[in-house]
Amino acid sequence: MTILRVENVTKRFGGLVAVDDASLSVTPGSITGLIGPNGAGKTTLFTVISGFAAPTTGRVLFEERDITRVEAHERARMGIARTFQIVQPFATLSVVENIAVGAFLRHAARADALEEARRVAAEVGLTPMLDQPAKALTVAGRKRLELARALATGPRLLLLDEVLAGLNPSEIRDMIPVIRAIRARGVTILIVEHVMQAVMSLCDDIYVLAQGKLIAQGPPARIARDPHVVEAYLGHGAAQRLQAKAGQIGEAAHAERA
Ligand SMILES: Nc1ncnc2c1ncn2[C@@H]1O[C@H](COP(=O)(O)OP(=O)(O)OP(=O)(O)O)[C@@H](O)[C@H]1O
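Numbering-wise (my numbering), the sequence shown opens with residue 48 and increments by one.
And the structure:
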């Protein structure tokens, strides 16, 4: 059983093939990573999954139902939420009001939406900032707000687009348990992220995109030593160079011990 299935999705922008025949599936309850070098097509694939753009060809299935032609707002109602890389809160609204914007999807009454917003704020650690205007938040606070807005829509599948980008190492350390706790209460997560240590520690399964094509899939330990992945990140011949380097270091250590 999969919660999300992408089947042979291609997305062209004029002559440019941003996503090229990509297929993936996400297991319910997992944290699945989507990684790849800049311009690989990760955000484009997210956009197709969340319904903000249609694929040129291919299909997207949510809980085994074909949603390729379903509008973004309808996908949100079905239980898919996404965060955006560029965070744009309503600057003059308070933090709790910003989160309530998401909660209105499932709570028509203002009081109910605000109550749900407070619950979600607690989940992402924003309770002390509830009544501050969103513009008073730091970068780390804004990232939490973006996460909260998506969570407030009550998703079963949460698409996180670089929620750790721009954070310092201690802020990243603080966010990791927040993401784990969301998964622990049953929300499946698909995450696009450049912060490799976080990806490796969070994900059960990782897909690697390079120049629009999926080039590898597997658990973090396997992906980290996949020569195709190393090449995609560091350039042609890099895997061999790294292996030679590791060999040299090994030999030097051996010589030192001898
Ligand atoms: N709306 C668009 N019109 C034309 N080209 C686009 C559009 N959106 C993305 N592209 C191009 O598609 C390719 C994939 O971009 P995309 O943003 O999906 O990559 P990415 O893997 O998310 O990159 P990054 O890690 O830098 O965010 C790039 O060459 C980009 O310039």
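Idealized CB from N, CA, C, for every residue including glycine.
Practice item. With DSSP collapsed to three states, give me the class of V107. Key: strand
Point to revise | For R129, the first and last residue of its enclosing beta strand (DSSP E) | key: I127 to R129
Exercise for review: Identify, in the order they occur along the chain, each residue of the same chain with its Cβ nearer than 8 Å to the Cβ of T139, setting aside the five sequence neighbours on each side.
Suggested key: P180, A181 and K182
Exercise for review: Identify whether S77 lies in helix, strand or coil by the three-state DSSP scheme.
Suggested key: Coil, per DSSP.
Exercise for review: Excluding the 5 residues preceding and the 5 following F99 in the sequence, name in chain order all residues of the same chain whose CB lies nearer than 7 Å to its CB.
Suggested key: A119
Check your understanding: N215: beta carbon under 8 Å from a heavy atom of ligand 1?
Key -> N215 Cβ: outside cutoff for every heavy atom of ligand 1.
Review point. Between the beta-carbon of L198 and the beta-carbon of I229, is there less than 9 Å?
Key: yes
**Study point:** Proximal residues to I238 (C-beta, below 6 Å), its chain only, five neighbours per side dropped
**Key:** G80 and L207
Practice item. Verify whether the separation of the beta carbon atoms of V225 and I82 is less than 9 Å. Key: By the CB criterion at 9 Å, V225 and I82 fall outside the cutoff.
Review point. Considering only residues of the same chain and omitting the five flanking positions on each side of T104, which have a CB-CB separation below 8 Å?
Key: N55, V56 and T57
Point to revise | Local conformation of R52 per DSSP, three classes | key: strand
Check your understanding: Is the CB-CB distance between R124 and A101 below 9 Å?
Key -> no
Review point. Would you report the Cα separation of E144 and L161, rounded to the nearest angstrom?
Key: Taking the straight line joining both Cα atoms gives about 7 Å.
Exercise for review: Using 8 Å as the cut-off, classify the Cβ of F60 as near or not near the heavy atoms of ligand 1, replying yes or no.
Suggested key: yes
Point to revise | Same chain only: Cβ atoms within 6 Å of K190, ignoring 5 sequence neighbours per side | key: Closer than 6 Å at the Cβ level, and outside the excluded window around K190, lie V210.
Point to revise | C-alpha gap between L152 and T130, whole angstroms | key: 16 Å
Point to revise | Alpha-carbon to alpha-carbon, A65 and F93 | key: 12 Å
Review point. Exposed or buried, what is R122 when buried is set at 16 or more other beta-carbons lying within 10 Å of its beta-carbon?
Key: buried
Check your understanding: Taking just the CA atoms, how far does G76 sit from G149?
Key -> 22 Å
Check your understanding: For ligand 1, is there a heavy atom less than 8 Å away from the beta-carbon of L173?
Key -> Outside the cutoff, so no.
Check your understanding: Who are the near neighbours of R203 in its chain, counting only those whose CB is closer than 6 Å to its CB and skipping five residues on each side?
Key -> G126, listed in sequence order.
Check your understanding: Rounded C-beta distance between V73 and T235? I'm assuming under 8 Å.
Key -> Taking C-beta atoms under 8 Å as the contact rule, V73 and T235 qualify, at a distance of about 6 Å.
**Study point:** ligand 1 heavy atom lying under 8 Å from the CB of A119
**Key:** no
Exercise for review: List the DSSP bridge partners of R203.
Suggested key: According to DSSP, which records beta bridges pairwise, R203 is partnered with nothing at all.
Check your understanding: In this structure, does DSSP put I229 in helix, strand or coil?
Key -> I229 falls in the helix class under three-state DSSP.
Exercise for review: Using 8 Å as the cut-off, classify the Cβ of H241 as near or not near the heavy atoms of ligand 1, replying yes or no.
Suggested key: yes
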